[in-house]
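Protein chains in written order, with my numbering: chain A, 988 to 1203; chain B, 268 to 506.
Written as structure tokens, this is what we have:
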């Protein structure tokens, strides 16, 4: 069945799916749309008017983690544990990454010192959780790469894109997290999930919002 | 088979907890329930819940499962027959609807608790769009996937529980007018014993307290309704 992924070029949720598809070497087509100017067919097909959506033949799947799970069923070797409880725990851990992606935007779009400091504090709180988990295992869930790791991938591509604009190390105090970010970024599937000029596009998008952190 | 002890930690008003509670009742799972206060979370809870959110399912001595969707799928898998489809595409379609139902709950929450008139009316319109989508999905079926209930239907139970609490207001706003399939679906869901089990006895009173506390736009614009809701519930509770 043909797979067509509908995407927006810098969307982190899309990146999760592209990275997994690339890693699993599953063939697909990709269609980019402009979120500021959504085509009619997209609005009709996507119940929440968000990307990514995946056309499987004519059936439309939505929600990035749902799509990830489905893509995993197409793989010769599952990236999920077999045991029901472990599978559920992996899914829960994958969901957690969504909070961090949201907080990322808060940090780097905060316009005042106060909102920046509050968002950074939230981010550090999440980082502490991740650091704790990563002290127990090589990857975010276990010593093997699992589906949850792909849920986290966009966090690291986003931070990596912004590094040239930062005067501080975001991972300071979180050594395991820093190591983990490197191992995820070095996965070929993740590298190839970034569009051309990804870093530049992210920087431009962030700069457009006139954020506080750039005044530092 | 269920061998380990299961403890569900919840807030009484939480719709995501209600989904799980209704499912566990439907599936006859043996479990304990622990209610905690939203604005006064105990330390033991903050320590074990990664997002400090409910619901969490404590399994055995040291496993904590969080995220209502993950909990629901786990419960379904340990208690055959499973009511989640096994076909990967159908499963993915249903999971997308879990998320859609969550989006509806978020919109309803703002509709009920927002102090802002503009936000209230904006979310009222969003809800109408949401209900229209559900109407389309239902087609002519009793439940989302046909005559039999499936896992996704449990995600919609809290929506209808809340709509029923505010029935006169919903009617006045014409929020569900002309959505015959949607309304019938709601009736079918609310008639299930597990729906009733998923809703705590003092649910309505807690909702009234909640809207009163924040002085939401919905509360301010319907004083008589909320006064009588409170009085009726106090009577029922012998207060």
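Ideal Cβ placement from N, Cα and C applies to all residues, glycine included.
- Among the residues of the stretch 346-360 of chain B, those with a Cβ less than 7 Å away from any Cβ of chain A are 355, 356, 359, 360, in the order of the chain.
- Of all residues in the stretch 416-446 of chain B, none has a C-beta nearer than 9 Å to a C-beta of chain A.
- The beta carbon of residue 394 of chain B sits closer than 8 Å to the beta carbons of 371, 374, 375, 378, 442 from its chain, once the five residues preceding and following it are set aside; these are given in chain order.
- Collapsing the DSSP output to three states places residue 505 of chain B in coil.
- A direct Cα-to-Cα measurement between residue 1016 of chain A and residue 993 of chain A gives close to 9 Å.
- Fewer than three Cβ pairs drawn from the stretch 274-291 of chain B and the stretch 447-455 of chain B lie within less than 8 Å of each other, which leaves the two stretches out of contact.
- By the neighbour-count definition (other C-beta atoms within 10 Å, threshold 16), residue 311 of chain B is an exposed residue.
- With a threshold of 8 Å between beta carbons, residue 1116 of chain A makes contact with chain B.
- By the Cβ-count criterion, residue 421 of chain B is buried, with 16 or more other Cβ atoms from all chains shown falling within 10 Å of its own Cβ.
- It is roughly 32 Å from the alpha-carbon of residue 1125 of chain A to the alpha-carbon of residue 287 of chain B.
- Residue range 273-277 is occupied by the beta strand (DSSP E) that includes residue 277 of chain B.
- Annotated as proximal: residue 1116 of chain A and residue 317 of chain B, with beta-carbon spacing under 8 Å.
- Straight across, the Cα-Cα distance linking residue 479 of chain B with residue 306 of chain B is about 16 Å.
- Beta-bridge annotation (DSSP): residue 301 of chain B is paired with B/276.
- For residue 1147 of chain A, there are no C-beta contacts with chain B under 8 Å, since the nearest C-beta of that chain is about 25 Å from it.
- Counting along the chain, residue 1015 of chain A sits inside no alpha helix (DSSP H), nor does DSSP assign it H or E at all.
- Apart from the 5 residues on each side of it in sequence, residue 998 of chain A sits with its Cβ closer than 6 Å to the Cβ of 1038 in its chain, given in chain order.
- As the crow flies, the alpha-carbon of residue 347 of chain B is around 39 Å from that of residue 1170 of chain A.
- Here residue 476 of chain B is exposed: its Cβ has fewer than 16 other Cβ atoms, across all protein chains shown, within 10 Å.
- Fully enclosed alpha helix (DSSP H) runs of no fewer than 4 residues occupy 434-440, 447-458, 460-465, 470-481, 484-487 of the stretch 427-501 of chain B, in order along the chain.
- Sorting A/1099, A/1077, A/1028 by C-alpha distance to the C-alpha of residue 1198 of chain A places A/1099 at the top.
- With a cutoff of 8 Å on beta-carbon distance, residue 284 of chain B and residue 322 of chain B are scored as near each other.
- Under the three-state reduction of DSSP, residue 307 of chain B is assigned to strand.
- For residue 993 of chain A, the enclosing beta strand (DSSP E) covers residues 990-994.
- At a beta-carbon threshold of 8 Å, the residues of chain A lying near residue 337 of chain B are 1075, 1076, 1078, 1079, 1082, ordered along the chain.
- Proximity to residue 369 of chain B across A/1191, A/1035, A/1020, A/1019 peaks at A/1035, based on C-alpha coordinates.
- Around the beta carbon of residue 1166 of chain A, fewer than 16 other beta carbons lie within 10 angstroms, which makes this residue exposed.
- Using a Cβ-Cβ cut-off of 8 Å, residue 317 of chain B counts as an interface residue toward chain A, since at least one Cβ of chain A sits closer than that to its own.
- Interface with chain A (8 Å Cβ-Cβ cutoff): residue 400 of chain B is included.
- By the Cβ-count criterion, residue 988 of chain A is exposed, with fewer than 16 other Cβ atoms from all chains shown falling within 10 Å of its own Cβ.
- Using a C-beta cut-off of 8 Å, the stretch 488-500 of chain B makes contact with the stretch 459-475 of chain B, since at least three inter-stretch Cβ pairs fall below that distance.
- DSSP places residue 1090 of chain A in the helix class (H, G or I) of the three-state scheme.
- Spatial neighbours of residue 350 of chain B in its own chain (CB-CB distance under 8 Å, excluding positions within 5 residues in sequence) are listed in chain order as 343, 415, 416, 417, 418.
- Here the alpha carbons of residue 1060 of chain A and residue 1070 of chain A stand approximately 15 Å from one another.
- Taking residue 996 of chain A as the centre and dropping the five residues before and after it, the same chain places the C-beta of 1019, 1182, 1188 closer than 7 Å to its C-beta, in chain order.
- For residue 1080 of chain A against residue 1127 of chain A, the beta-carbon gap comes to about 6 Å, under 8 Å, which counts as contact.
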